[in-house]
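Scroll down for the structure; my scribbles are underneath it.
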Amino acid sequence: MSLDTLRRALPAYAKDLSLNLSSLANETTLTDQQKWGAFLASAFAVGQPAVIREIENAAASLSDEAKTAAKSAAAIMAMNNVYYRSLHLMQNAEYRTLPAKLRMNVIANPGVEKIDFELWCTAVSAINGCGMCLDAHEGELRKAGMSTTNIQAAIRIAAVVNAVAHVLAAEEATQSGEAAAA
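Numbering (the UniProt record's numbering), first residue to last: 1 to 182.
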């Protein structure tokens, strides 16, 4: 299945997003698992129901294990991005010396190839704006031999999925406001 439903739902002013969704669906620098896992992890990171639903449909080729791992990437990074971004932003460096004391077992055993999971964590970290996590996961990807072009593709997917979710949420809010005023 394609992302045509999402593309049709976008207003005319978001035509670039529609075109980007289409080109990213045809992205060939990533494996299908890497690409659709990045889409799915990004959708769960933004949490917009229509985006999640349509991307889950588009990512139907993913194995159950890959779907679970992509969702796990969104879940664990929702926690880690807040924690590590806070440490980075706080002036008191002592916090960075303390153990996190947060369970993160899924990072060691994601259920898919480690490189794919790291890529999805990178996409989610881009959405959540955690520089520390972006650097850490990008470093792991580079050590595993992934190219900057591949890493950029996952970040591009994250950026477009995030923008689509924001536009659709804003349009829904506008329509709800117009209905209430009528």
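By construction, the Cβ of each residue, glycine as well, lies at the ideal position given by its N, Cα and C atoms.
Rounded C-alpha distance that separates residue i from residue j
i	j	result
Leu30	Gly139	18 Å
Arg85	Gly131	7 Å
Ala58	Ala93	44 Å
Lys101	Lys71	22 Å
Glu54	Gly145	32 Å
Ala78	Ser22	27 Å
Leu24	Ala41	15 Å
Val51	Thr5	10 Å
Asn109	Pro49	28 Å
Ser63	Leu17	27 Å
Asn128	Ile115	20 Å
Asn81	Ala158	15 Å
Ala126	Ile155	7 Å
Thr28	Tyr83	34 Å
Tyr13	Leu3	18 Å
Gly37	Cys121	10 Å
Ser147	Met90	32 Å
Assigned secondary structure, residue i (DSSP; H/G/I helix, E/B strand, else coil)
i	result
residue 184	Residue 184 falls outside the range modelled here, since the chain spans only 1 to 182, and no answer is possible.
Ala169	helix
Pro99	coil
Leu30	coil
Pro11	coil
Gln152	helix
Gln175	helix
Gly111	coil
residue 187	For the chain, the structure presents residues 1 to 182; residue 187 sits outside this window and is missing.
Ser42	helix
Leu6	helix
Ala93	coil
Ser147	coil
Ser86	helix
Residue i - containing alpha helix (DSSP H), residue span
i	result
Asn20	15-25
Val124	114-128
Gly131	131-143
Asn57	49-58
Residues near residue i in its chain [Cβ-Cβ closer than 6 Å; skip 5 each side]
i	result
Gln152	none
Ala165	Val46, Gln48, Val51
Val124	Ala41, Ala45, Ala73, Ala74, Met77
Thr174	none
Residues near residue i in its chain [Cβ-Cβ closer than 8 Å; skip 5 each side]
i	result
Met1	For Met1, the pLDDT reaches just 44, beneath the cut-off of 50, and the residue's location in the model is therefore unreliable, although a value from the coordinates is still provided. Taken in chain order, the residues that qualify are Asn57, Ala58, Ala60.
Thr68	Gly111
Neighbourhood of residue i by C-beta, 7 Å cutoff - its chain only, sequence neighbours within 5 removed
i	result
His88	Gly131, Met132
Glu65	Gly111, Val112
Ala163	Leu17
CB contact below 7 Å: residue i versus chain D
i	result
Thr28	No chain D appears in the structure shown, which is made up of a single protein chain.
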